[in-house]
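Quick note on full-length UniProt numbering: the sequence shown kicks off at 1 and runs consecutively. Built from N, CA and C at the ideal position, the CB exists for glycine as well.
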Amino acid sequence: MSDEAPMRAVELWEPKIGTQTRPDGTTLVWREDPLGPYPERLSDRILHWAEVAPGRPWMKERAADGGWVSMTYGELAEAMARVGTALLDLGLTVERPLMILSGNSLEHAVAALSAQYVGIPSAAVAPAYALVSQDYAKLRDIAGQITPGAVFVKEAGPFARAISAVFDADVPVIAMEGEVPGRVTHRWAELMGTPATEAAEAARAATGPDTVAKFLFTSGTTGSPKAVIQTQRMLCANMEQVLDCYAWLRGEPPVLVDWAPWNHVASGTKVFNIALYNGGTFHIDAGKPTPDGMKETIRNLREIAPTWYFNVPAGFEMLIEAMERDDALRETFFSRVKMLLYAGAGMAGHTWRRLEELAVQTIGRKVLMSAGLGSTETAPFAIFCTEPQPGPGNCGVPAQGVVLKLVPSGDKLEARFKGPNVTPGYWRAEKLSADAFDEEGYYCMGDALRFAVPGKPEEGFFFDGRIAENFKLRTGTWVAVGALRAKLIDAMDGLIRDAVIAGEDQEELGALLIPFRPGMEKLVEGGGSLTDEALFAHPAVMSRLAELLGKHAQDATGSSSRVMRALVLTEPLRLDAGEVTDKGSVNQRAVLRHRGAAVEALYGEGPEVIHAGTPAREAKAR
């Protein structure tokens, strides 16, 4: 049994926790072991590796012929000086930064790091804002906030319409291929061929801890995306905090295979910089956790064995499905991986257990599965769990240099953070910045935490929902949405990817279910050939959902934790409406706001409504 199997050995931190509880109930939690020194700028680490290991691959990307295109640390150092010089020649500054519209690529990475090298911030933006959006509202808001001096795209053609619609005519484009009619286009090859000058080195020398390295944007689910300032202090301190936690990296440069978008902090800062800071190799995975996209991820993981692996829960679900059918994939994946990290959403218990079972089946040991809590504003590593757990959910303890402040908010504890990894604020938004911090200078994240073991902060904390997402039933009972979502996802036994909880001012709770198609296909003979609508409304699927919902309801302790009705959503969540990010994170409030008809149907008596424990009727899912 996997419960009895040992854990694969891995060197990790040994945190010493300090705590203080004030008379008003506020609790402070911190690390008594201090954060060590860290560089003034990230480029110092790149130049270090370029000197000690110039031929080591820094980043690899699939070529059209199926092989890997590679850039070494020595080549990266040369490219940063050359491209940095070219960006200075274009007149880019902190007031006129580099905007990056296209997705993950070697060129994207070099462009961003070259800008950083000479003190020019970059801003990676979700490609969907330019490729999927019809009105470009979010892209227009972002451009207005940071006033870019140039726009980078790998291929100009797909982005031409958005660029013409949003950016002033004097904003040039940097592209590998194609052009935007009526606009100056600089070829990437020209930038790479620019001779490095003393001006670039002088600009690099002028950078320091307070230099803005880049802007990352919040998802904009409740309004315009906010430009979160990311300083060199934040990035470098955070990497030293990570290195304290993942202590084995001091002697073993990581090998990474990662798909997650760089316009999000999880991969664009943490995973990206873990490779750079520790002399590792980052393999760009062009896949994603979708039925089609997962094929590329599986191809890559058959070939490259990571030593540390990050994914969202939906990605792990699909990877598990593949590994259960593919021994070679499973054996390569587990051959040397020391830690698995999930983020972006809560992991279901059955996913956790299946991963453990696959690891034990393959290598005779469990692999540490871990999670933490952070945000774009915390760079993101703030608290993290490395103690072996019986299941998912523990977010761990603070990183070195971080103080966690837990402030009573009703029956919840609101999490606030202070540390060198915390942003100074939002770009050109003084009021938003001021409102984000309390009177003692702690960043107010808006998440609630609860003690894993009451009174023992060293045992870690569990995520206890978003303060703003919670609501009351008609009875006046508060509903803790975050915790309930996690329990419902787990109860649905791999048939759903996420759930949105409804029921404000209603007598009972309901849920809009975001289906996990591979799980549902197993319930229906020939399910793989059915349309989404036919599969999700199939009596076998509806009956199983009703059965599982009934068991969930029986196990619940009261009306605020008992979902009695559900409805399957067949229309995909919309990134443009802020319902979901390109990383797959679902926004509860945005879905409820945009899916009023579905919520109304959920509280009706149509055949599409799934009632807890009730046999399915012929239904048409929504």
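{"Asked": "Classify alanine 621: buried if its beta carbon has 16 or more other beta carbons within 10 angstroms, exposed otherwise.", "Found": "Caution is warranted here: a pLDDT of 40 is assigned to alanine 621, below 50, making its placement in the model unreliable, and the coordinate value is therefore given only provisionally. It counts as buried."}
{"Asked": "Is it buried or exposed for serine 267, if we count other Cβ within 10 angstroms and need 16 for buried?", "Found": "buried"}
{"Asked": "Taking the C-alpha atoms as reference points, what is the distance between alanine 247 and alanine 275?", "Found": "14 Å"}
{"Asked": "Quick check on the DSSP output: the alpha helix (DSSP H) that includes leucine 548 runs from which residue to which?", "Found": "539-555"}
{"Asked": "The alpha helix (DSSP H) that contains valine 110, what's its start and end?", "Found": "106-117"}
{"Asked": "Find out if the Cβ-Cβ distance for the pair serine 102, lysine 154 is shorter than 8 Å.", "Found": "yes"}
{"Asked": "Suppose only complete runs of 3+ residues qualify. What are the beta strand (DSSP E) ranges in the region 551-605, listed by chain order?", "Found": "563-568"}
{"Asked": "Taking 6 Å as the limit between beta carbons, can you name the residues of its chain near alanine 126, skipping five residues before and five after?", "Found": "Asn263 and Asp582"}
{"Asked": "Helix, strand or coil for alanine 260 per DSSP?", "Found": "coil"}
{"Asked": "Let's test the definition: count the other Cβ atoms within 10 Å of the Cβ of proline 390 and tell me whether it reaches 16, buried, or not, exposed.", "Found": "exposed"}
{"Asked": "Any chance the region 512-522 sits against the region 591-604, with 3 or more Cβ pairs inside 8 Å?", "Found": "yes"}
{"Asked": "As a quick exercise: from Arg474, Phe462 and Ile496, pick the residue whose alpha carbon is nearest that of glycine 482.", "Found": "Phe462"}
{"Asked": "Give a yes or no on whether the C-beta atoms belonging to valine 337 and proline 306 are separated by under 8 Å.", "Found": "yes"}
{"Asked": "Does the ligand ADP have a heavy atom nearer than 7 Å to the CB of threonine 21?", "Found": "What this structure holds is no ligand at all, so the ligand ADP is not there to describe."}
{"Asked": "For alanine 205, count the other beta carbons within 10 Å of its own beta carbon; 16 or more makes it buried, fewer makes it exposed. Which is it?", "Found": "exposed"}
{"Asked": "Could you tell me how far apart the beta carbons of valine 360 and alanine 5 are, in whole angstroms, since I believe they sit closer than 8 Å?", "Found": "4 Å"}
{"Asked": "For tyrosine 309, write down the residues that DSSP places opposite it in a beta bridge.", "Found": "Leu340"}
{"Asked": "Do isoleucine 229 and glycine 425 have their beta-carbon atoms positioned less than 8 Å apart in this structure?", "Found": "yes"}
{"Asked": "Nearest by alpha-carbon distance to glycine 455: which of Pro15, Gly349, Glu14 and Val29 is it?", "Found": "Val29"}
{"Asked": "Is tryptophan 478 buried or exposed, if buried means 16 or more other CB atoms sit within 10 Å of its CB?", "Found": "exposed"}
{"Asked": "List the endpoints of the continuous beta strand (DSSP E) containing alanine 443.", "Found": "Per the sequence presented here, residue 443 reads as tyrosine, with alanine not at that position. Where tyrosine 443 is concerned, the enclosing beta strand (DSSP E) stretches over 443-451."}
{"Asked": "Locate the beta strand (DSSP E) running through aspartate 498, then write down its first and last residues.", "Found": "496-502"}
{"Asked": "Per DSSP, leucine 47 forms a beta bridge with which residues?", "Found": "BP columns for leucine 47 are empty, so no partner."}
{"Asked": "If I'm right that alanine 260 touches valine 242 with Cβ under 8 Å, what's the distance once you round it to whole angstroms?", "Found": "Wrong, their Cβ atoms sit about 16 Å apart, outside the cutoff."}
{"Asked": "By DSSP, does proline 518 sit in helix, in strand, or in coil?", "Found": "helix"}
{"Asked": "Compute the Euclidean distance between the alpha carbons of alanine 616 and alanine 546, then round it to the nearest angstrom.", "Found": "Note on alanine 616: pLDDT 49, under 50, position unreliable in the model; the coordinate value appears next. In a straight line, the C-alpha of alanine 616 is about 7 Å away from that of alanine 546."}
{"Asked": "Helix, strand or coil for lysine 226, going by three-state DSSP, please let me know.", "Found": "coil"}
{"Asked": "Between the Cα of alanine 175 and those of Ala137, Ala111, Gly558 and Val407, spot the shortest distance and give me the residue it belongs to.", "Found": "Ala111"}
{"Asked": "How is serine 529 classed by DSSP in three states: helix, strand or coil?", "Found": "helix"}
{"Asked": "Taking its Cβ as the centre, do 16 or more other Cβ atoms sit within 10 Å of aspartate 411, making it buried, or is it exposed?", "Found": "exposed"}
{"Asked": "According to the neighbour-count rule (16 or more other Cβ atoms, all chains shown, within 10 Å of its Cβ), is glycine 7 buried or exposed?", "Found": "For clarity, residue 7 is methionine in the given sequence; the question names glycine instead. Methionine 7 comes out exposed."}
{"Asked": "Tyrosine 246 by DSSP, collapsed to three states: which one?", "Found": "coil"}
{"Asked": "Quick one: residues in its chain with C-beta nearer than 7 Å to the C-beta of glutamate 14, no 5 flanking neighbours on either side, listed in chain order?", "Found": "none"}
{"Asked": "Along the chain, where does the alpha helix (DSSP H) that runs through serine 164 open and close?", "Found": "160-166"}
{"Asked": "What span of residues does the alpha helix (DSSP H) with asparagine 394 cover, start to end?", "Found": "Asparagine 394 -> not in any alpha helix (DSSP H); beta strand (DSSP E) instead, spanning 394-398."}
{"Asked": "Considering only the alpha carbon of each residue, which of Ala169, Leu535 and Pro291 lies closest to glycine 182?", "Found": "Ala169"}
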